[in-house]
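Enquirer:
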Amino acid sequence: MKLNTGLKSRARTAMQRLGQARLRRGPADTALEVAIALEALLVDSPGEHTFKIGLRAALLVSNDLEQRRRSRAIIEAMYKIRSSLMHSGQSSDTCKVRGYGDLKTTEIVSEAMGITASVIQRVIGFGTTLDWGAIELSSPA
24 MKLNTGLKSR
34 ARTAMQRLGQ
44 ARLRRGPADT
54 ALEVAIALEA
64 LLVDSPGEHT
74 FKIGLRAALL
84 VSNDLEQRRR
94 SRAIIEAMYK
104 IRSSLMHSGQ
114 SSDTCKVRGY
124 GDLKTTEIVS
134 EAMGITASVI
144 QRVIGFGTTL
154 DWGAIELSSP
164 A
């Protein structure tokens, strides 16, 4: 499959960071690597990354509303774990996931890694940089 140069570089970064995430021992360190992988593919400008990435990942990984809700909630929780590491140098063993209660951080980052792998596959499958404005606004109400 032929990818344009910009997408090829971003996909390579995402795959490398997902690979690094699999090697990390602590869930907060894993969350940091997964966040970088997602940002490489899903963010095209500065701003609120948690919202953008949660929404965009959810739109890519499933057409099912409940699966999209869960994916978005997991990515948001993963960002909370990452933020805790960045701001305090540590994270707790559990994290609140919107709509699902407290889950173990290890479970959250494991699920986030699976979501990230799916995002990478979908983005590479498109073969070109995605038009997020069109994607975000094209889903039926």
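Quick note: to get the numbering used here, add 23 to the position in the sequence shown (first position is 1).
Beta carbons are placed, not taken as given, at the ideal position from N, Cα and C, and that holds for glycine.
Every value quoted in this text rests on a predicted model; they were computed, and no experiment measured them.
Examine the Cβ distances between the segment 120-138 and the segment 31-39 and report whether three or more of them are shorter than 8 Å.
Expert: In short, these stretches do not touch, since the Cβ pair count stays below three.
Enquirer: Please list the segments of the alpha helix (DSSP H) lying wholly inside the segment 86-147, counting only runs of 4 or more residues, in order along the chain.
Expert: Runs of the alpha helix (DSSP H) inside the segment 86-147: 88-111.
Enquirer: Measuring alpha carbon to alpha carbon, tell me which of Arg93, Gly77, Gly156, Asn86 ends up nearest leucine 61.
Expert: Here residue 61 refers to the residue found at position 38 when the sequence shown is read from its first residue. With distances taken between Cα atoms, leucine 61 lies closest to Gly77.
Enquirer: Apart from the five residues on each side of it in sequence, which residues of its chain come closer than 8 Å, Cβ to Cβ, to lysine 25?
Expert: Position 2 of the sequence shown, counted from the start, is the residue given in the question as residue 25. Excluding positions up to five away in sequence, the list reads Gly150.
Enquirer: Secondary structure at threonine 151, three-state DSSP: helix, strand or coil?
Expert: The residue labelled residue 151 in the question sits at position 128 within the sequence shown. It is coil, neither helix nor strand.
Enquirer: So the candidates are Leu160, Ala157, Ser161, Val146; which of them puts its Cα closest to the Cα of glycine 17?
Expert: With the chain covering only 24 through 164, there is no way to say anything about residue 17.
Enquirer: Does glycine 156 come out as helix, strand or coil in the three-state DSSP assignment?
Expert: The residue given as residue 156 occupies position 133 in the sequence shown. Glycine 156 falls in the helix class under three-state DSSP.
Enquirer: Please report how far the alpha carbon of alanine 51 lies from the alpha carbon of alanine 58, in whole angstroms.
Expert: Translated into positions along the sequence shown, residue 51 becomes position 28. Translated into positions along the sequence shown, residue 58 becomes position 35. One C-alpha to the other measures close to 10 Å.
Enquirer: Specify, as a first and last residue, the run of the alpha helix (DSSP H) that lysine 31 falls within.
Expert: In the sequence shown, residue 31 corresponds to position 8, counting from 1. Looking at the DSSP string, the run of the alpha helix (DSSP H) that includes lysine 31 is 28-46.
Enquirer: Sort Thr152, Gly156, Ser161 by Cα distance to alanine 63 and report the nearest one.
Expert: On the sequence shown, residue 63 is found 40 positions in, with the first residue counted as 1. The shortest C-alpha separation from alanine 63 is found at Thr152.
Enquirer: So, for arginine 40: in the same chain, excluding its five sequence neighbours on each side, which residues have a beta-carbon less than 8 Å away from its beta-carbon?
Expert: Taking the first residue of the sequence shown as 1, we reach residue 40 at position 17. Answer for arginine 40: Glu56, Val57, Ile59, Ala60, Ala63, listed in chain order.
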